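Here the working numbering is used: position 165 in the sequence shown is 325, and no number is missing along the way.
Notes to accompany the following structure.
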Amino acid sequence: MTHTFSDLYQRIWVNQENPFDEYEGINYFKPFKGLGQNIIVRDEYHTIWDFVSGAYQVRASNEEFGESGGLVVTGQPGIGKTLFLAYALVKALKERIPVSYCVNLNEIFIFNKDGFQKGSSASDISSPECTLCLVDSGVNLTKPPAIVLTHIDNYIVQAASPKPDHWRQWSKQRLAAKWVMDLWTKDEMEKLVRLRAKSGITFPPDSSRYSPLELFDIVGPSPRDCISTGTRLTFIKKPEGPETNHPYGDLATLLSDTRALERVIKTGVFPRAEQGEDFLTFFFGGPLGENPVYLQPRFRYVVPTGYLEDRLCVYIIKEKQHERYRLLCAFAPLPQAFAPIYESYIVSHMHDLRESLPCYLLSNLDSPSFQLPAGLSLGRLPVESGLGRTEFRDNTIYVTRFAFPSLHAFIISDNMTRITMVQITVADRHDLETSGVHRVIDYLKEELPDIESVQWSFLFVAPGSNGKKAAEAQEKDKLELRKEDPEVRIGWISTAE
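Shown next as structure tokens:
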């Protein structure tokens with residue numbers, strides 16, 4: 161490793177060799193020893209580096225040190241935090257910024273105008289001063305070593321797990337900022353696959369296994385998992401969809417503590433240790449807001465693939481109704497990502513009815529305004545990318561999923577003369593996105609045989625009195641309809657708590 165980094169210093173710092181190359185529009189690292197190969201340069205690396213280099217200059221020239229003294233770079237496991245440090249190292253060498261690189265307690269590499277030096281983090285060499293200190297936290301190094309913390313004029317960049325134990329103490333002392341890396345895109349994954357193919361790194365043809373790009377749509381945007389032989393061998397390609405030869409994620413453990421799960425989803429904090437691994441199998445976290453932040457990093461969690469959604473859905477549908485409701489409460493902060501769960505809840509309350517379901521409208525508070533019949537069928541709409549034509553049926557629930565904002569389903573009943581749009585909620589107030597209502601109206605106007613005789617309503621489906629409260633709040637805010645739209649009456653359906 162010493163020879164490797166000595167060569168790196170000579171080629172980049174001394175000779176000013178460009179550390180990057182390009183292939184078919186892909187910006188990537190040249191294959192330096194010790195830094196790996198086939199590493200693409202993500203656009204986000206430039207953005208983080210601009211912040212780091214500017215903050216380092218401020219720190220190095222500020223005698224009072226009132227500014228931030230470092231940055232914690234964190235994010236989803238396997239997203240490439242270590243690769244950003246490699247990028248920062250070669251950028252610092254190219255710009256001749258004094259820099260140190262540390263990946264364990266036994267080795268630290270220091271580069272500056274005096275040359276290259278290797279030593280132990282246990283301080284058998286002088287501590288670097290006025291230096292950009294890059295620290296790669298992992299199994300062998302959970303937090304920055306004392307040798308880089310000694311001098312206050314150092315600026316520390318730590319690539320770390322979101323677990324606060326890895327960065328809380330030093331980041332508080334140095335007013336360190338936090339940067340949550342964004343999730344990979346399919347385009348970035350495709351570039352990585354092409355770059356690896358250029359170097360002859362491909363999986364052998366096997367019609368029973370998925371390619372890295374196909375795995376991206378199954379396991380989610382983790383490049384490490386998508387190119388892993390272990391992941392490839394986990395999934396068997398079947399006509400009906402992926403099949404695993406061993407369990408993929410422990411849903412029983414993940415969903416056992418719904419209060420903790422709800423807190424993580426709602427606040428964007430990192431999950432507890434006992435939930436962490438399974439949580440991060442199904443939930444992928446990107447930045448919740450603008451980077452950087454100076455408090456605890458928070459994540460915007462999503463379930464990124466249909467396969468993972470379906471795994472959650474199948475498990476929840478098997479649960480008892482009360483357990484389904486608990487899980488619905490936990491997932492409420494992310495309704496757009498959990499259509500399958502709402503679908504299972506809708507099915508449990510409407511599709512499985514053995515007797516008619518009373519529905520209330522605000523214009524008639526004393527008694528049910530109408531009844532949804534028992535034995536409703538479950539209909540399917542075409543995929544969202546192109547709705548196409550549907551042959552609608554009477555007494556049928558159509559789950560809308562993503563194509564209709566603020567709507568989870570609509571029901572056609574009463575000889576196709578009643579359209580009941582529903583939103584499942586656990587709160588007593590919601591900001592209603594009316595474009596979903598407009599879309600249902602436009603969609604059905606073209607399809608129903610006698611549109612003039614149809615009665616339209618929008619109902620909140622909620623436990624206890626929450627549905628009525630949500631309807632009353634919506635009535636005050638008014639449902640914004642277009643001049644050509646029919647009257648849509650507001651109401652609710654009460655479910656068991």
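The C-beta atom is built at its ideal place from N, Cα and C for all residues, glycine as well.
From a predicted model like this one, the values you see are computed outputs, not experimental measurements.
- Task: Count the other C-beta atoms from every protein chain shown that fall within 10 angstroms of the C-beta of Ile396, then say buried if there are 16 or more, exposed otherwise.
- Result: Around the C-beta of Ile396, fewer than 16 other C-beta atoms lie within 10 Å, and the residue is accordingly described as exposed.
| When we look at the beta-carbon of Tyr247 and count the other beta-carbons within 10 Å, is it buried (16 or more) or exposed? | Tyr247 should be labelled buried.
Taking Asp203 as the reference, give the member of Ile584, Gln197 and Gly185 with the closest Cα. Minimum Cα distance to Asp203 is reached at Gly185.
* Asked: How would you call Glu607, buried or exposed, if buried means at least 16 neighbouring beta carbons within 10 angstroms?
  -> It counts as exposed.
* Run through the stretch 180 to 243 for me and flag every whole alpha helix (DSSP H) of 4 or more residues, listed as ranges in chain order. => List check, alpha helix (DSSP H) in window: 203 to 221.
Whose C-alpha, out of Gly360, Asp347 and Lys398, is nearest the C-alpha of Tyr370?
Taking only the C-alpha atoms, the option nearest Tyr370 is Lys398.
Host beta strand (DSSP E) of Leu521 (start-end): First-last of the beta strand (DSSP E) with Leu521: Leu517 to Leu521.
* To do: Compute the distance between the beta-carbons of Val233 and Val317, then report whether it is under 8 Å.
  => Contact flag set, yes.
query = Using CA coordinates, which residue listed in Val263, Arg356 and Asp325 is at the minimum distance from Lys190?
reply = For Lys190, the nearest C-alpha among the options comes from Arg356.
Margin query: Using beta carbons (cut-off 8 Å, strictly below), is Leu355 in contact with chain C?
Written below: This model lacks chain C altogether, as it is built from one protein chain only.
task = Would you mind sorting Ile361 into buried or exposed? The rule is 16 or more other CB atoms within 10 Å of its CB.
result = Ile361 sits exposed, since fewer than 16 C-beta atoms from the chains shown fall within 10 Å of its C-beta.
Quick one: is His568 buried, meaning 16 or more other Cβ sit within 10 Å of its Cβ, or exposed? His568 comes out buried.
Original post:
Under 8 Å between the Cβ atoms of Thr560 and Phe570?
Top reply: The Cβ atoms of Thr560 and Phe570 sit closer than 8 Å to each other.
Work out the CA separation of Val582 and Leu538 for me, nearest whole Å. In this structure, the alpha-carbon of Leu538 lies about 14 Å from that of Val582.
Requested in this report: Taking Asp296 as the reference, give the member of Asn405, Asp574 and His326 with the closest Cα.
Outcome: Out of Asn405, Asp574 and His326, the CA that lies nearest to the CA of Asp296 is found in His326.
* To do: May I ask you to report which of helix, strand or coil DSSP gives Phe530?
  => Strand at Phe530.
Which of helix, strand or coil does DSSP assign to Leu294?
Leu294 falls in the strand class under three-state DSSP.
task: Look up Ser545 in the DSSP assignment and say whether it is helix, strand or coil.
output: Confidence in Ser545 is poor, its pLDDT being 37 and thus under 50, which makes the residue's placement too unreliable to answer from.
Span of the beta strand (DSSP E), counted from its first residue to its last, around Gln684: Because the chain spans 161 through 657 in this model, residue 684 falls outside it and cannot be assessed.
Residues in its own chain within less than 6 Å of Phe618 by CB, not counting five upstream and five downstream? Closer than 6 Å at Cβ, skipping near neighbours: Met581, Val648 and Ile650.
- request: Starting from the C-beta of Gly546, find all residues in its chain whose C-beta is less than 7 Å away, skip the five residues before and the five after it, and write them out in chain order.
  value: At Gly546, the pLDDT of 43 sits below 50, so the modelled position is not reliable; the number obtained from the coordinates is stated separately. Taken in chain order, the list of residues that qualify is empty.
Residues in its own chain within less than 8 Å of Asp385 by CB, not counting five upstream and five downstream?
Cβ neighbours of Asp385 beyond the five flanking positions: Gly238, Leu375, Val379 and Thr391.
Report task. Closer than 6 Å by C-beta to Phe269: which residues in its own chain qualify, once you throw out the five before and the five after it? Chain order, please. Result -> Taking C-beta separations shorter than 6 Å and ignoring five residues to either side along the sequence, the partners of Phe269 in its chain run Phe165, Tyr261 and Lys278, following chain order.
> Are the Cβ atoms of Gly409 and Phe444 separated by less than 8 Å?
Replying inline: Going by C-beta atoms, Gly409 is not nearer than 8 Å to Phe444.
Q) Which stretch, first to last residue, makes up the beta strand (DSSP E) that contains Tyr558? A) Segment Thr556 to Val559, the beta strand (DSSP E) holding Tyr558.
message = For a test of the three-state rule: what should DSSP assign to Ala497, helix, strand or coil?
response = Model confidence at Ala497 stands at a pLDDT of 49, short of 50, so the residue's coordinates are unreliable and nothing is read from them.
| Boundaries (first-last residue) of the beta strand (DSSP E) holding Ser260 | Val259 to Asn264 is the span of the beta strand (DSSP E), which, as asked, contains Ser260.
* To do: Please name the residue, chosen from Ile387, Val201, Ile476 and Val429, that lies closest to Tyr461 on a Cα-to-Cα basis.
  => The alpha carbon of Tyr461 has as its nearest neighbour, out of Ile387, Val201, Ile476 and Val429, the alpha carbon of Val429.
Margin query: By the three-class DSSP mapping on this structure, what secondary structure does Thr302 have?
Written below: Look at Thr302 here: in three-state DSSP terms it is coil, with no helix or strand label.
Exercise for review: Would you tell me roughly how many angstroms separate the C-alpha atoms of Val424 and Ser382, rounded to the nearest one?
Suggested key: Their backbone Cα atoms lie some 20 Å apart in a straight line.
ask   = Given Asn222, which residues of its chain have a CB within under 7 Å of its CB, disregarding the five upstream and five downstream residues?
value = Here Asn222 has no same chain residue with a Cβ atom under 7 Å from its own Cβ, once five neighbours each way along the sequence are excluded.
### Task
For Asn272, name the three-state secondary structure that DSSP assigns.
In the structure shown, Asn272 sits in a strand (DSSP, three-state: E or B).
Excluding sequence positions up to five away, which residues of its chain have a Cβ less than 8 Å from the Cβ of Glu640?
The residues are Thr594.
| said: Could you check whether Gly230 and Ala336 sit closer than 8 Å to each other, using their CB atoms as the reference points? | reply: The Cβ atoms of Ala336 and Gly230 lie closer than 8 Å to each other.
(Q) Does Gly275 pass the burial test, meaning 16 or more other C-beta atoms within 10 Å, or should it be called exposed? (A) Of the other Cβ atoms in all chains shown, fewer than 16 fall within 10 Å of the Cβ of Gly275; this residue is therefore exposed.
| said: Rounding to the nearest angstrom, what Cα-Cα distance links Tyr216 and Glu644 in this structure? | reply: Going by the C-alpha atoms only, they are around 60 Å apart.
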